[in-house]
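Positions 4 to 400 (this note's numbering) are the ones given, in order, by the sequence shown.
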Amino acid sequence: MNDAFVYDAVRTPFGRFGGALAASRPDDLGALVVRAVVDRSPGLTADAGLVEEVVFGNANGAGEENRNVARMATLLAGLPTSIPGTTVNRLCGSSLDAANIASRQIETGDADVVLVGGVESMTRAPWVMPKTEKPYPVGNLELSSTTLGWRLVNPRMPSQWTVSLGEATEQLRERHGVTRERQDEFAARSHRLADAAWTEGFYDDLVVPVPGVELARDESIRADTTAERLAGLRTSFRREDGTVTAGNASPLNDGASAVLLGSAGAQERLGLAPIARIAGRGASALDPQYFGFAPVEAAERALSRAGITWSDVSAVELNEAFAAQSLACVDAWDIDPDIVNRHGGAIAIGHPLGASGGRILGTLARDLQRSGGRWGVACICIGVGQGLAVVLENVTA
4 MNDAFVYDAV RTPFGRFGGA LAASRPDDLG ALVVRAVVDR SPGLTADAGL
54 VEEVVFGNAN GAGEENRNVA RMATLLAGLP TSIPGTTVNR LCGSSLDAAN
104 IASRQIETGD ADVVLVGGVE SMTRAPWVMP KTEKPYPVGN LELSSTTLGW
154 RLVNPRMPSQ WTVSLGEATE QLRERHGVTR ERQDEFAARS HRLADAAWTE
204 GFYDDLVVPV PGVELARDES IRADTTAERL AGLRTSFRRE DGTVTAGNAS
254 PLNDGASAVL LGSAGAQERL GLAPIARIAG RGASALDPQY FGFAPVEAAE
304 RALSRAGITW SDVSAVELNE AFAAQSLACV DAWDIDPDIV NRHGGAIAIG
354 HPLGASGGRI LGTLARDLQR SGGRWGVACI CIGVGQGLAV VLENVTA
């Protein structure tokens with residue numbers, strides 16, 4: 004078996020729903036990061052045909068990205084038409100799943116260089132309408148938004164599984180005793196650390212600008228946010244005892260990410276040194292309404308397969324779908340919260356579903372490279388009750 008390594012990672016700035024990237028098609032955003040990865044590798048610049056496959060994640064698949072966005076992005080980026088592409092949908096975990104799929108290809112010898120990533124435009128996600136069983140219905144028809152959450156629900160699904168993501172998070176925080184105060188503190192920390200990371204230049208090498216768009220950093224970051232200000236926000240769901248607000252949950256966003264994976268032998272051809280080795284992977288599932296807790300077991304499985312424990316880990320990138328679910332996971336792992344998302348998280352940076360897995364994997368690889376830490380974990384919760392995790396080993400020290 005070969006080892007699979009992270010060689011490079013890039014992403015766009017993440018735009019707010021209806022914000023700076025609203026006019027950007029998702030396939031164009033995908034093409035942008037694909038092209039950026041190629042242009043940053045001397046070997047790929049000379050011969051982009053070294054890329055043996057492109058694997059992209061996308062959660063929606065109902066709009067402009069619907070014709071296999073991995074293939075569309077590859078073609079739009081000007082790469083050779085001989086490079087195949089496939090699109091993966093594991094909802095929020097799609098691009099992390101893309102990395103897992105590609106790493107297995109490399110480990111088994113099926114490929115040496117695979118470009119992975121993901122993209123989502125939640126702004127441009129369409130409204131959809133089911134086809135009627137008979138033509139020309141007399142009554143009205145209802146449009147469903149494909150931006151986020153359940154739509155066109157099968158009536159055979161138990162109702163407790165199909166509650167909204169916010170209501171599911173309220174149920175999770177009740178189960179694990181996560182207070183509103185802790186959620187708001189965690190959210191304020193996310194904004195504070197993201198702003199500091201941008202100011203200090205951490206993201207300068209990780210983020211590529213979108214041409215024609217004035218967006219210098221992630222659009223959802225609010226540098227002046229405090230826990231006290233967040234405490235004044237109304238709860239978002241119809242509950243007398245609700246705690247989830249727009250301030251302690253990730254926003255709706257647009258953006259794309261890409262990660263270059265390769266074998267050890269690909270180093271000379273790429274003209275790049277590897278950053279981190281993919282040392283372990285884990286997937287888990289539980290009751291759909293407790294989706295936010297699924298990263299707990301996924302991370303435990305990834306650590307076990309890497310042959311390490313939490314005491315070895317120096318950095319964690321946990322996608323912040325909601326502050327409540329993030330805190331429940333951190334509490335369950337019993338780890339130092341200071342090693343989690345120390346460059347900000349999705350509550351501040353944003354969560355364009357298909358792109359988030361690539362974002363956290365790339366951020367983790369660069370974090371380990373710069374800090375000198377050896378082991379890190381990237382993990383993400385997934386709607387309908389799943390979780391994914393990847394363990395990285397720093398190979399730059």
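Don't be surprised by glycine CBs; every beta carbon is placed ideally from N, CA and C. Remember, predicted model here, so these are calculated numbers, not experimental data.
With Glu222 and Pro16 assumed to form a contact (beta carbons below 8 Å), what rounded beta-carbon distance in angstroms separates them? Taking 8 Å as the upper bound for CB-CB distance, Glu222 and Pro16 are in contact here, some 7 Å apart.
Quick one: measure Cβ to Cβ for Ser287 and Arg272, integer angstroms, because I've assumed they're closer than 8 Å. Taking 8 Å as the upper bound for CB-CB distance, Ser287 and Arg272 are not in contact here, some 36 Å apart.
Identity of the residue in Pro161, Ile104, Arg38 and Gly250 nearest Gln292 by Cα: The candidate whose alpha carbon is nearest that of Gln292 is Pro161.
Between which two residues does the alpha helix (DSSP H) holding Thr111 run? Premise fails: Thr111 is in no alpha helix (DSSP H) and is neither H nor E.
Rounded straight-line distance, which links the Cα of Ala269 to that of Ala276: Approximately 9 Å, taken between the alpha carbons.
Paired residues, beta bridge with Arg280 - DSSP: Partner residues in the beta bridge of Arg280, as assigned by DSSP, are Phe8 and Glu396.
What is the DSSP secondary structure of Thr403, counted as helix, strand or coil? Outside the modelled stretch of the chain, which goes from 4 to 400, sits residue 403, for which no answer is possible.
State yes or no: is the C-beta of Leu118 within less than 7 Å of the C-beta of Leu263? Taking 7 Å as the Cβ cut-off, Leu118 and Leu263 qualify as a contacting pair.
Option nearest His346 by Cα separation, candidates Ala25, Ile224, Ser167 and Ile109: Sorting Ala25, Ile224, Ser167 and Ile109 by C-alpha distance to the C-alpha of His346 places Ile224 at the top.
Roughly how many angstroms lie between the CA atoms of Ser407 and Val141, to the nearest whole one? Because the chain in this structure spans residues 4 to 400, residue 407 falls outside the shown range and cannot be described.
State the start and end residues of the unbroken alpha helix (DSSP H) segment that holds Asp257. Here Asp257 belongs to no alpha helix (DSSP H); instead the beta strand (DSSP E) covers Asn256 to Gly265.
Which residue or residues does DSSP assign as beta-bridge partners of Trp130? Paired residues: Ser148.
Given this structure, state the Cα-to-Cα distance separating Gly250 from Val181, to the nearest angstrom. Distance between the alpha carbons of Gly250 and Val181: 16 Å.
For the putative contact between Val122 and Asn61, defined by C-beta atoms under 8 Å, what is the C-beta separation to the nearest angstrom? Contact between Val122 and Asn61 holds, with the beta-carbon distance rounding to 6 Å and staying under 8 Å.
Between the beta-carbon of Thr149 and the beta-carbon of Ala128, is there less than 7 Å? In this structure, Ala128 lies closer than 7 Å to Thr149 by Cβ.
My understanding is that Ser266 touches Ala7, with C-beta atoms under 8 Å, so please give their C-beta distance in whole angstroms. Confirmed, about 7 Å.
Contact defined as beta carbons within less than 8 Å: I believe Gly52 pairs with Pro83. What is the distance between those atoms, to the nearest angstrom? Taking a contact as a CB-CB distance under 8 Å, the pair Gly52 and Pro83 counts as one, their CB atoms being some 5 Å apart.
Tell me whether Arg220 sits in a helix, a strand or coil according to DSSP, three-state version. Secondary structure of Arg220 (DSSP, three-state): coil.
Could you check if Ser314 is buried or exposed, using at least 16 other CB atoms within 10 Å of its CB as the buried criterion? Looking at its Cβ environment, which holds fewer than 16 other Cβ atoms inside 10 Å, Ser314 is exposed.
Is the CB-CB distance between Thr399 and Ile278 below 7 Å? Yes; because the gap between Cβ atoms is below 7 Å, this pair is in contact.
Take every Cβ of the segment 238 to 255, pair it with every Cβ of the segment 74 to 82, and state whether three or more of those distances are shorter than 8 Å. Taking one beta carbon from each stretch, the segment 238 to 255 and the segment 74 to 82 have fewer than 3 pairs nearer than 8 Å; the two do not touch.
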